[in-house]
């Protein structure tokens with residue numbers, strides 16, 4: 001027999017379960033929807049964090065132009081962006097119909113993140129601007145200091161109503177030239193009476209052409225010489241201006257004039273010395289020739305030794321006269337050198353000089369620019385010097401320098417001690433009783449006349465080696 005169902009139990013069985021006033025199946029739906037919403041919010045948050053991270057990284061890459069002094073600015077704007085966006089997001093979302101506090105927090109956090117990015121970007125831009133302004137101010141100060149303190153007169157010029165006027169001038173300019181302080185933009189010509197016309201200077205400014213002018217002014221301290229350099233530039237792309245720099249070349253000009261006077265005086269002295277040497281040579285040669293002629297007529301075998309001493313003395317006087325005449329002539333500067341085959345010159349000189357038993361070794365194949373007579377005099381004196389001081393059985397070598405443009409003359413004799421090498425070129429220095437002591441001095445003067453340098457060193461065979469450098473070749 002089927003039992004009767006309890007009506008009350010039946011009602012409970014068939015009535016859906018209620019949780020907080022909702023049917024049970026609706027609870028599962030709400031829970032599922034909430035889970036999906038939270039997952040989406042978390043995913044959006046993660047995506048926002050990644051995007052913010054990328055943007056912040058890109059922002060940090062822009063910090064190259066920002067110095068440490070601007071880091072606080074960047075930090076303030078970044079934190080301010082985070083807090084400001086977070087507060088605004090909380091206020092805005094607080095008035096929106098949001099069903100879950102988690103969703104509200106996620107939304108506020110996302111807005112704060114984007115506020116961080118915005119603040120960081122704004123901070124970077126502001127910091128870069130501050131850094132640029134600081135750099136510009138330093139450069140402006142540096143150029144202003146240079147403009148004021150450079151030891152040259154500098155002025156900034158522009159063209160107004162067809163007149164070149166001074167916009168600004170440094171202290172040196174004001175010290176050198178009478179600038180009227182009451183006149184804001186005085187005319188340049190009223191301050192500096194330069195020889196060049198204003199029209200030429202204005203044309204140079206307008207056409208961007210650099211101009212260099214040398215001029216002089218009469219002052220209370222005498223005449224002063226200046227060099228003007230005008231350098232045009234564009235001022236703000238709307239106005240053509242120019243910097244003018246004036247340097248005082250008075251001391252250099254005076255030195256140049258003094259040098260010209262010295263050269264002229266030396267030239268006159270050289271002319272007088274040559275005339276004197278010619279006169280002395282002429283006046284001495286006549287009595288020398290007379291004495292030599294009478295000496296040859298003397299027939300006194302018992303006095304042969306004494307007569308030989310007289311003949312030697314007369315020969316020595318003749319050598320001194322020749323060397324003095326050469327010394328007066330050879331110091332002159334060579335104005336018109338000609339190409340000369342060095343090998344041919346050396347061979348010709350070797351045949352001219354009494355070389356005794358000496359041997360010549362030639363290792364030259366160059367053409368040099370020189371005066372033929374003086375170059376031959378140089379080699380002849382060196383060959384005579386080698387025989388007198390090294391003997392007539394030595395080998396003389398003439399070759400080209402390896403380390404410079406030039407040549408050398410060397411022998412395999414006893415050489416010259418190192419502490420005596422600087423003295424051999426001085427007049428009167430000789431190691432023989434019958435030498436004049438002028439031969440090597442003449443060699444040095446001939447080298448200097450050509451613009452060469454001469455140095456005495458030791459040869460490979462421990463003899464003397466004369467090196468001539470700075471020789472022009474063809």
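Residue numbers (UniProt numbering): 1 to 474.
Cβ atoms here follow ideal geometry from the backbone N, Cα and C, with glycine treated the same way.
Check your understanding: Which class does residue 346 belong to by DSSP, given the choice of helix, strand or coil?
Key -> Here residue 346 is taken as the residue at index 346 of the chain shown, counted from 1. Correct three-state label for residue 346: helix.
Point to revise | Expected contact under 8 Å - CB spacing of residue 474 and residue 369 to nearest Å | key: Numbered from 1 along the chain shown, position 474 holds the residue referred to as residue 474. Numbered from 1 along the chain shown, position 369 holds the residue referred to as residue 369. Going by Cβ atoms, the distance from residue 474 to residue 369 rounds to 6 Å, so yes, they are a contact pair.
Review point. Would a C-beta distance cut-off of 8 Å place residue 297 and residue 345 closer than the cut-off?
Key: One-based indexing of the chain shown puts residue 297 at position 297. One-based indexing of the chain shown puts residue 345 at position 345. Not a contact, by the Cβ cut-off of 8 Å.
Exercise for review: Take residue 163 and list the residues in its own chain whose beta-carbon comes closer than 6 Å to its own, dropping the five residues that flank it on each side.
Suggested key: On the chain shown, residue 163 is found 163 positions in, with the first residue counted as 1. Hits under 6 Å: 187.
Exercise for review: Report the three-state DSSP secondary structure of residue 375 (helix, strand or coil).
Suggested key: Translated into the one-based positions of the chain shown, residue 375 becomes position 375. Helix, per DSSP.
Practice item. Report the rounded CA-to-CA distance for residue 313 versus residue 387, giving the unit in angstroms. Key: Here residue 313 refers to the residue found at position 313 of the chain shown. Here residue 387 refers to the residue found at position 387 of the chain shown. Each residue's alpha carbon lies about 20 Å from the other.
Practice item. Just grab the DSSP bridge partners of residue 239 for me. Key: To locate residue 239, count along the chain shown from 1; it is residue 239. Partner(s): 235.
Review point. Closest by CA to residue 165, which one among 416, 363, 240?
Key: Taking the chain shown and counting its residues from 1, the one referred to as residue 165 is at position 165. The shortest Cα separation from residue 165 among 416, 363, 240 belongs to 240.
Check your understanding: How far does the alpha helix (DSSP H) with residue 190 in it reach, from first residue to last?
Key -> The residue labelled residue 190 in the question sits at position 190 within the chain shown. 188–191 is the extent of the alpha helix (DSSP H) around residue 190.
**Study point:** For residue 458, the first and last residue of its enclosing beta strand (DSSP E)
**Key:** Translated into the one-based positions of the chain shown, residue 458 becomes position 458. 453–458 is the extent of the beta strand (DSSP E) around residue 458.
**Study point:** Residue range of the beta strand (DSSP E) that includes residue 421
**Key:** Here the question's residue 421 lines up with position 421 in the chain shown. Element bounds for residue 421: n/a, residue is neither H nor E.
Review point. Of the choices 359, 193, 352, 190, whose alpha-carbon is the least far from that of residue 397?
Key: As a working note, residue 397 is residue 397 in the chain shown. Considering only alpha carbons, the answer is 359.
Review point. Taking DSSP as the reference, what is the three-state secondary structure of residue 384?
Key: What you label residue 384 is simply residue 384 of the chain shown in a count that begins at 1. The answer is helix: DSSP assigns residue 384 an H, G or I state.
Exercise for review: Would you please state the rounded distance, in angstroms, between the beta carbons of residue 425 and residue 364? I believe it to be under 8 Å.
Suggested key: In the chain shown, the residue the question calls residue 425 occupies position 425. In the chain shown, the residue the question calls residue 364 occupies position 364. Their Cβ separation, rounded to whole angstroms, is 23 Å, which puts residue 425 and residue 364 out of contact at 8 Å.
**Study point:** Straight-line gap, residue 80 to residue 138 (C-alpha atoms, nearest Å)
**Key:** Here residue 80 refers to the residue found at position 80 of the chain shown. Here residue 138 refers to the residue found at position 138 of the chain shown. Looking at the two C-alpha atoms, the distance is approximately 30 Å.
Practice item. Tell me, please, whether the segment 193–209 touches the segment 228–237 by the rule of three or more beta-carbon pairs shorter than 8 Å. Key: yes
Point to revise | Beta-ladder partner(s) of residue 339, from DSSP | key: Residue mapping note: residue 339 aligns to position 339 of the chain shown, counting from 1. Looking at the DSSP assignment, residue 339 forms a beta bridge with 369.
**Study point:** Spatial distance of residue 125 from residue 134 (CA atoms)
**Key:** Your numbering for residue 125 matches position 125 in the chain shown. Your numbering for residue 134 matches position 134 in the chain shown. Their backbone Cα atoms lie some 14 Å apart in a straight line.
Exercise for review: Pick helix, strand or coil for residue 219, following the three-state DSSP scheme.
Suggested key: As a position in the chain shown, residue 219 is number 219, starting the count at 1. Residue 219 falls in the strand class under three-state DSSP.
Exercise for review: With a 10 Å radius around its C-beta and 16 neighbouring C-beta atoms as the bar for buried, classify residue 444 as buried or exposed.
Suggested key: As a working mapping, residue 444 is identified with position 444 in the chain shown. The residue in question, residue 444, is buried, as its Cβ has 16 or more Cβ neighbours within 10 Å.
Review point. Taking the continuous beta strand (DSSP E) assigned at residue 465, which residues delimit it?
Key: Walking along the chain shown from the start, residue 465 turns up at place 465. Per DSSP, residue 465 belongs to the beta strand (DSSP E) from 464–469.
Point to revise | The beta strand (DSSP E) enclosing residue 391, as first and last residue numbers | key: For the purposes of this step, residue 391 is taken as the residue at position 391 of the chain shown. Looking at the DSSP string, residue 391 is not in any beta strand (DSSP E), and its letter there is neither H nor E.
Check your understanding: If we ignore side chains and look at the alpha-carbon of each, how far apart do residue 466 and residue 419 end up?
Key -> As a first step, residue 466 is located in the chain shown; it is residue number 466 there, counting from the start. As a first step, residue 419 is located in the chain shown; it is residue number 419 there, counting from the start. Each residue's alpha carbon lies about 16 Å from the other.
Exercise for review: For my contact list, residue 449 and residue 317 are in at a C-beta cut-off of 8 Å; report their separation, rounded to the angstrom.
Suggested key: Here residue 449 refers to the residue found at position 449 when the chain shown is read from its first residue. Here residue 317 refers to the residue found at position 317 when the chain shown is read from its first residue. In fact, because the Cβ distance is near 26 Å, the residues do not count as touching under 8 Å.
Point to revise | Residues near residue 412 by beta carbon distance below 7 Å, same chain, minus five either side | key: Sequence index remark: in the chain shown, residue 412 carries index 412 (1-based). Excluding positions up to five away in sequence, the list reads 394, 395, 459, 461, 463.
Point to revise | residue 416 to residue 409 span [Cα, whole Å] | key: Stepping through the chain shown from its first residue, residue 416 is reached at position 416. Stepping through the chain shown from its first residue, residue 409 is reached at position 409. Taking the straight line from one Cα to the other gives about 14 Å.
Point to revise | CB of residue 152 within 8 Å of CB of residue 247, strictly | key: As a first step, residue 152 must be located in the chain shown, where it is residue number 152. As a first step, residue 247 must be located in the chain shown, where it is residue number 247. Yes, the Cβ-Cβ distance between residue 152 and residue 247 is below 8 Å.
Exercise for review: Report the option in 274, 269, 315, 129 whose CA atom is closest to the CA atom of residue 291.
Suggested key: Taking the first residue of the chain shown as position 1, residue 291 is located at position 291. It is 315 whose Cα lies nearest to the Cα of residue 291.
Check your understanding: Should residue 477 be labelled buried (16 or more other beta-carbon atoms within 10 Å of its own) or exposed?
Key -> Not covered by the structure: residue 477. The range shown for the chain is 1 to 474.
Review point. What is the rounded straight-line gap between the Cα of residue 302 and the Cα of residue 288?
Key: Indexing the chain shown from 1 puts residue 302 at position 302. Indexing the chain shown from 1 puts residue 288 at position 288. Roughly 24 Å separates the two Cα atoms.
**Study point:** residue 160, DSSP secondary structure in three states
**Key:** For this step, residue 160 is matched to residue 160 along the chain shown. Strand.
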